[in-house]
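Remarks on the structure that follows.
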């Protein structure tokens, strides 16, 4: 059908755009152009709801190492914002993506958790990682950062293991 034909052309196009944007983002002289290319492709690659939030066309796999081209596009854009030092914008972008995509991108979720930690927003990070845990979207890296955030927010790790155990029990 026409849809299958269109999708067969779309993925290589996104891959080429990803390569271009990633190359631009590595060099500070072209970073803003790379961000613009990545943002324009995000706008083309995703359907949006009436509020302008991104919509998934199909569920993304949870298996590590399997990243759809659209997810890699979001990751390249996030990397560009990070390299440009636009931390607040990066957090907003990752928060919007988390809400819009229902936490589908484990890699973006991990980046957001690290951004909260770097910004010393420990309570926000703890709530976020707990929500990821509840959705079965938490990574070991997030949990390691969560421990450090817990200690910084509470002054010690007293009670941390109990909190982590309670989260694990909810998943069963």
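In my numbering, the protein residues as written are 739 to 910. Ideal Cβ placement from N, Cα and C applies to all residues, glycine included.
| Item | Value |
| --- | --- |
| For residue 786, three-class secondary structure by DSSP | strand |
| 7 Å Cβ shell around residue 828 - same chain, five flanking residues per side excluded | 816, 819, 820, 853 |
| Of the listed residues 908, 858, 786, 898, nearest to residue 872 (C-alpha basis) | 908 |
| Cα-Cα separation between residue 843 and residue 812, rounded to whole angstroms | 9 Å |
| Own chain partners of residue 875 with C-beta closer than 7 Å, once the 5 adjacent residues on each side are dropped | 841, 844, 847 |
| Selected residue, minimal CA-CA separation from residue 860, among 849, 889, 790, 836 | 889 |
| Sequence-distant residues of its chain with Cβ nearer than 7 Å to residue 870 (five each side left out) | 841, 847, 876, 880 |
| Candidates 903, 904, 905, 866: closest to residue 887 by CA position | 866 |
| Beta-carbon proximity list for residue 850, same chain, < 7 Å, skipping 5 on both sides | 829, 832, 833, 836, 866 |
| Endpoints, alpha helix (DSSP H) assigned at residue 860 | 860-872 |
| Among 885, 891, 893, 892, nearest to residue 899 - alpha-carbon criterion | 885 |
| Rounded Cβ spacing between residue 784 and residue 773 (contact assumed at less than 8 Å) | Incorrect: roughly 17 Å between the Cβ atoms, too far for contact. |
| Residue 862 burial status per 10 Å Cβ neighbour count (16 or more: buried) | buried |
| Own chain partners of residue 800 with C-beta closer than 6 Å, once the 5 adjacent residues on each side are dropped | With a pLDDT of only 47 at residue 800, under the threshold of 50, the placement of this residue in the model should not be trusted; the figure read from the coordinates follows. If we look at residue 800 and ignore the five residues flanking it on each side, it has no Cβ neighbours. |
| Secondary structure of residue 812, DSSP reduced to three states | helix |
| Coil, strand or helix - residue 902 by DSSP | helix |
| Buried versus exposed call for residue 808 [16 or more other C-beta atoms within 10 Å across all chains shown] | buried |
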